[in-house]
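Encoded as structure tokens, the structure appears first; notes follow it.
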Amino acid sequence: MEERRTLGLQWRLVAVTAAAGALSSGLAVLGVWAAREFGFGGIEALAIGAAAGLAGGLVASVWSFRLARAIKHRLWNAGDLAGRIRRGDLSARLPVSDADEIGELETQLNEMAAYLEQAVGQLSRLAEQNRRLAEEAGRGAALEERARIARDLHDTVNQQLFVLSLRTAAVRKRVAAVAGSLPPGGDPVSVPSRTAPGSVSPAAGSAVGGIAGGPGGAPGSAGAGSTEFATQLLGELATLEEMARAAHSQIRELILQLRPTTLEQHGLGPALAEYVKTVAEREGWEVESEIDQTIRLRGSQGEALFRVAQEALNNVSKHARAKRIRVSLTQGEDGEVRLLVADDGVGFDRRAGIRPTAVGLAGMRERMAAVGGRLQVRSAPGEGTEVLAILPPEPAGDGDSAANRPGAGDTAKPVPGAAAEAADKPVPERSG
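What the sequence shown shows, in this note's numbering, is residues 4 to 435, in sequence order.
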């Protein structure tokens with residue numbers, strides 16, 4: 004607080020009161036003196052002095068009234084500021100008109116408002132940070148649950164389907180070998196002895212006996228009937244084997260959807276490049292890609308962009324009837340990240356009500372909004388579709404923690420054996 008340069012309020016009031024009294028008394032004495040000088044009598048002189056003193060008192064009263072009104076106005080302003088602060092207007096301030104006690108009150112109210120404004124701003128930033136952390140934790144929990152489901156599928160259903168496809172193929176080969184060894188009209192009882200001991204179970208022997216004996220299993224009905232039944236059984240086994248392989252491939256793709264291991268281990272760029280290559284080979288698309296494999300993102304942001312790319316390519320596969328796609332992942336000098344998925348397919352009219360891709364587009368928009376980004380879609384009938392996902396630059400102070408988060412934004416590394424692993428996976432046939 005600066006040193007006062009004027010009188011305090013109480014001394015100012017004392018000064019006004021003393022000045023008013025002195026003025027009234029002085030005017031009264033001056034009036035009596037003037038009356039005596041001009042030859043008035045004693046009573047007239049006293050009357051004139053009283054009138055002069057009254058006039059002085061009136062002037063002093065006006066002076067005191069103006070001072071009191073100024074004090075009241077300043078106090079009213081201070082009370083109004085307190086009310087505005089109570090209603091949440093923390094930017095309000097008072098003009099400090101003097102360095103008296105009320106001036107000190109005005110200064111302290113201004114400092115209190117500034118402190119509250121700063122504190123509320125800090126609390127708002129902390130609340131926003133807590134909200135983001137809570138959302139991040141929720142997304143992390145969802146990712147962990149999806150990873151658990153992916154592990155369970157891999158360890159149970161995926162393995163069982165793989166074993167089923169192998170055993171079905173083995174049974175089909177054995178049945179084909181046994182059926183091919185039967186001469187027309189051969190004895191079905193002698194057939195199992197041609198295989199290794201213990202290699203055919205009693206159920207398999209019954210099946211072979213059924214092949215030799217015909218559809219009805221009647222002994223001695225070998226010939227054309229046994230050959231036809233064997234052909235049917237081999238066809239059914241081939242279909243079953245193909246279904247098991249297709250189911251196995253779909254489970255592996257579902258596991259990839261739930262938990263893209265390349266994304267976790269190597270980052271967004273390598274994971275996106277691998278996924279685009281796998282899908283393009285499966286669909287027979289021509290691909291034009293520009294993927295920056297050095298982009299560093301927070302885990303939730305990389306996950307969101309990868310899921311957007313998955314959904315966009317899924318829409319192309321289901322609805323676009325495209326021959327060529329273009330995928331790019333770039334980062335500008337300002338830190339803005341852009342993911343573009345475009346195709347030369349049939350496109351659609353965005354003004355034409357409900358579309359087959361409406362739910363998928365809504366989901367992509369929600370994913371981008373959850374990480375602070377946005378989604379733009381351009382399409383027209385016969386002109387293909389462009390899906391552009393944009394992530395703004397990271398706010399100041401968030402980059403370090405985001406970039407150093409394990410598995411989220413590490414510099415892209417080459418993916419050893421990724422193409423070979425993808426090539427070894429059984430690919431399901433497209434339906435519809």
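For glycine and all other residues, C-beta sits at the position ideal for the given N, C-alpha and C.
Quiz prompt | One or two residues paired with Ser382 in a DSSP bridge | solution = Thr388
Exercise. Tell me, to the nearest whole angstrom, how far the beta carbon of Ala325 is from that of Gly348; I am working on the premise that it is less than 8 Å.
Key: 4 Å
Quiz prompt | Ser320 in three-state terms, based on DSSP | solution = helix
Quiz item: For the alpha helix (DSSP H) that contains Leu271, what are its first and last residues?
Solution: Leu271 to Glu286
Quiz prompt | Contact under 8 Å by Cβ, Leu70 with Ala81 | solution = no
Quiz item: Is Glu397 near Gly338, with beta carbons less than 8 Å apart?
Solution: yes
Quiz prompt | DSSP-derived helix/strand/coil call for Gln296 | solution = coil
Practice problem: Name the residue from Ala249, Leu84 and Val123 whose alpha carbon lies nearest to the alpha carbon of Asp108. | Solution: Note on residue identity: the sequence assigns Leu, not Asp, to residue 108. Checked all of Ala249, Leu84 and Val123; the closest Cα to Leu108 is Leu84.
Quiz item: What residue ranges within the segment 80 to 159 form continuous beta strand (DSSP E) runs of no fewer than 3 residues, ordered along the chain?
Solution: Taking only runs of at least 3 residues, no beta strand (DSSP E) segment lies wholly in the segment 80 to 159.
Quiz item: For Arg327, does the three-state DSSP call read helix, strand or coil?
Solution: strand
Quiz item: By how many angstroms is the C-alpha of Ala250 removed from the C-alpha of Leu257?
Solution: 10 Å
Self-check item: Cβ-based neighbour list, Leu167, same chain, cut-off 6 Å, excluding 5 preceding and 5 following
Solution: Ala247
Practice problem: Kindly list the residues whose CB is nearer than 7 Å to the CB of Glu139, restricted to its own chain and excluding five residues on each side of it in sequence; keep chain order. | Solution: Sequence-distant Cβ neighbours of Glu139 in its own chain, meaning closer than 7 Å and more than five residues away, are Ser303.
Quiz item: Per the contact definition of three or more C-beta pairs closer than 8 Å, is the segment 289 to 300 in contact with the segment 238 to 245?
Solution: no
Quiz item: By the 10 Å Cβ neighbour count, where 16 or more other Cβ atoms means buried, how is Ser100 classified, buried or exposed?
Solution: exposed
Exercise. Please report the residue range of the beta strand (DSSP E) in which Arg341 lies.
Key: Val340 to Asp346
Quiz item: With 16 other CB atoms within 10 Å as the buried threshold, where does Arg170 fall?
Solution: That one is exposed.
Quiz item: Would the beta-carbon of Arg370 fall within 8 Å of that of Ala315?
Solution: Arg370 places its beta carbon 8 Å or farther from that of Ala315.
Exercise. Since I believe Val344 is in contact with Val390 (beta carbons under 8 Å), could you give me their beta-carbon distance rounded to a whole number of angstroms?
Key: Sure, about 5 Å apart at Cβ, within 8 Å.
Practice problem: Please classify Val311: does DSSP put it in a helix, a strand, or coil? | Solution: helix
Practice problem: Tell me, to the nearest whole angstrom, how far the beta carbon of Gly387 is from that of Asp352; I am working on the premise that it is less than 8 Å. | Solution: Not really, about 13 Å apart at Cβ, beyond 8 Å.
Self-check item: Three-state class that DSSP yields for Arg368 in the structure shown
Solution: helix
Practice problem: Have a look at Val340, Arg77, Arg90 and Arg72 and flag the residue whose alpha-carbon is nearest the alpha-carbon of Asp103. | Solution: Arg77
Quiz item: Considering only residues of the same chain and omitting the five flanking positions on each side of Val374, which have a CB-CB separation below 8 Å?
Solution: Arg301, Ser303, Gln304, Ala307 and Leu394
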